[in-house]
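To convert a position in the sequence shown, counted from 1, into my numbering, add 45.
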Amino acid sequence: MSVRFQKLAVLGHPIAQSKSPYIHTSWMRDYDLQGSYEAIDIAPECYEARVRELIEQGYTGFNVTVPFKERVLKLCDVLDPAAEALGAVNTVRVDEAGKVYGLNTDTFGVIENLKEQMPQDLKEAWSWCDKTFVVLGAGGAARAAVYALLQEGAGRVIVCNRSFDKAQALLEFDESRVQAVRWEERSAILEHCDVLINTTSLGMMGMPGLEISLQALPQEAIVYDIVYKPLMTELLVQAQERGAHVVTGLGMLVQQARPAFREWFGVLPEVKPVLMEALLS
Ligand code: ATR
């Protein structure tokens, strides 16, 4: 692994709100590593040409956000298994010879954040194979979640999405363990759910709320929202009132950044409480 100066950036449109520069520069400081990390807004129409230009200018790595995760994949010479399976890349490394590596670390982020916030007693007795996960949504974040859950050995993953065909498309990962259900059934299917994960943008600041009844949800279930603005979404407040365990979404953002940092610097950084506090303030 190279220890050269890393010239890094997060690429998106829009990108000004990204927390990635803060996260990565604070880890560079923590581990005394040399590099820079910028946020670069790229107009969708000239995306590929602009990324090639940045590589020629000496950038050594990128994080990629919506709407470019699928498009950047085509610029990569080598993909990791998750990026290959999902058809989406969120982390890029350019080696000294100019070879471009594409990774998908969202899968790591979604699982690590769940493990991190799981109550200790549940964690100790946890087995993936007898659990039923209900995933709301079927966009990029849902694809990463479903793929990651199956990789961990999840027993059953029920995908529920407004556009039913997009939910059905996720059966491609494992027809025997993934099931698609219609959006109208989102409350009723919670009866046998162990972990409910919201990957839609509903409940995010400025977006409509997620209308769902948790009446059928078992009391000991976990409710996980990848929305982190606000941190305690209406869904999580409702879940907490029912006595369910809740998992907030900000940790996913931080966890997906860790393997990206390792790809560039060779160190898997620890998440200090002070980093989480700064991101929340
Ligand atoms: P991301 O890549 O971040 O997952 P996305 O691909 O735009 O974002 O996916 C957003 C998800 O939120 C989709 O599952 C979308 O449902 P559709 O596939 O039917 O579009 C879901 N979503 C967005 N607005 C919604 C709404 N008002 N009601 C129900 N689902 C909604």
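All C-beta atoms, glycine included, are put in the ideal place defined by N, C-alpha and C.
How long is the line joining the alpha carbons of residue i and residue j, rounded to whole angstroms?
| i | j | result |
| --- | --- | --- |
| L120 | A233 | 43 Å |
| Q51 | M297 | 24 Å |
| N135 | G57 | 11 Å |
| N108 | H69 | 11 Å |
| L280 | K274 | 12 Å |
| G182 | T293 | 17 Å |
| M73 | E230 | 46 Å |
| E141 | Q196 | 32 Å |
| L295 | Y82 | 20 Å |
| T177 | N206 | 17 Å |
| F209 | Y192 | 18 Å |
| F113 | G147 | 13 Å |
| P164 | S246 | 26 Å |
| Q79 | E115 | 29 Å |
| L324 | P318 | 10 Å |
| S71 | D77 | 10 Å |
| N243 | G251 | 17 Å |
| L313 | G198 | 24 Å |
| S221 | G200 | 10 Å |
| V223 | A128 | 20 Å |
| F153 | V204 | 19 Å |
| K168 | E308 | 28 Å |
| A214 | A186 | 14 Å |
| L259 | A170 | 24 Å |
| A212 | V282 | 26 Å |
| E157 | G288 | 23 Å |
| Q102 | D122 | 18 Å |
| V55 | Q162 | 27 Å |
| Q62 | M321 | 16 Å |
| Y67 | V96 | 22 Å |
Return the residue from the list the options that minimises the CA-CA distance to residue i.
| i | options | result |
| --- | --- | --- |
| D151 | P318, F310, L216 and G184 | G184 |
| I100 | L262, P275 and V117 | V117 |
| I60 | I87, L53 and Y82 | I87 |
| M277 | G254, A266 and L53 | G254 |
| R49 | L148, G311 and V240 | G311 |
| Y104 | V137, F113 and K114 | V137 |
| V139 | Q165, T110 and L124 | L124 |
| I257 | G251, A170, A284 and Y146 | A284 |
| P304 | G106, A84 and P89 | G106 |
| E286 | E265, I156, Q102 and M250 | E265 |
| V226 | E315, V179 and E308 | V179 |
| H237 | M250, Q213, A302 and L262 | L262 |
| S172 | W228, D239 and A212 | D239 |
| V111 | A133, I271 and I267 | A133 |
| K160 | Q300, E308 and W309 | Q300 |
| E217 | A189, Q62 and I267 | A189 |
| G248 | Q260, F306 and I271 | I271 |
| S326 | V55, A54, K64 and L53 | K64 |
| N149 | V282, E169, E315 and A302 | A302 |
| V291 | Y269, F306 and W309 | Y269 |
| T155 | R95, A84, L194 and Q62 | Position check: residue 155 holds Val in this sequence, whereas Thr was assumed. The option with the nearest alpha carbon to V155 is L194. |
In the DSSP assignment, what residue or residues form a beta bridge with residue i?
| i | result |
| --- | --- |
| Q51 | G80 |
| F306 | Note: F306 sits in no beta bridge, so no partner. |
| I87 | Answer is none; I87 lacks a bridge partner. |
| G106 | L53 and R138 |
| V292 | Y269 |
Given the structure, does residue i come close to the ligand ZN, in the sense that its CB is under 7 Å from one of the ligand's heavy atoms?
| i | result |
| --- | --- |
| G154 | This structure lacks the ligand ZN; the ligands present are the ligand ATR. |
Whole beta strand (DSSP E) runs in the segment 53 to 77 with 3 or more residues, listed along the chain? Not a single unbroken stretch of the beta strand (DSSP E) spanning 3 or more residues falls wholly within the segment 53 to 77.
Segments assigned alpha helix (DSSP H), at least 4 residues, entirely inside the segment 124 to 185: The segment 124 to 185 contains, as complete alpha helix (DSSP H) runs of 4+ residues, the segments 126 to 131, 151 to 162 and 165 to 169 (chain order).
Those runs of the alpha helix (DSSP H) which lie wholly inside the segment 201 to 250 and span at least 4 residues: With a minimum length of 4 residues, the continuous alpha helix (DSSP H) runs that stay inside the segment 201 to 250 are 209 to 214.
Within 6 Å of the ligand ATR: residues by beta-carbon to any heavy atom: Residues with a Cβ closer than 6 Å to any heavy atom of the ligand ATR, in chain order: V111, G182, A183, G184, G185, A186, A187, N206, R207, S208, K211, T244, T245, S246, L247 and P253.
Can you give, in chain order, each stretch of the beta strand (DSSP E) that sits fully within the segment 251 to 280 and has at least 3 residues? For the segment 251 to 280, whole beta strand (DSSP E) runs of length 3 or above, ordered along the chain, are 267 to 270.
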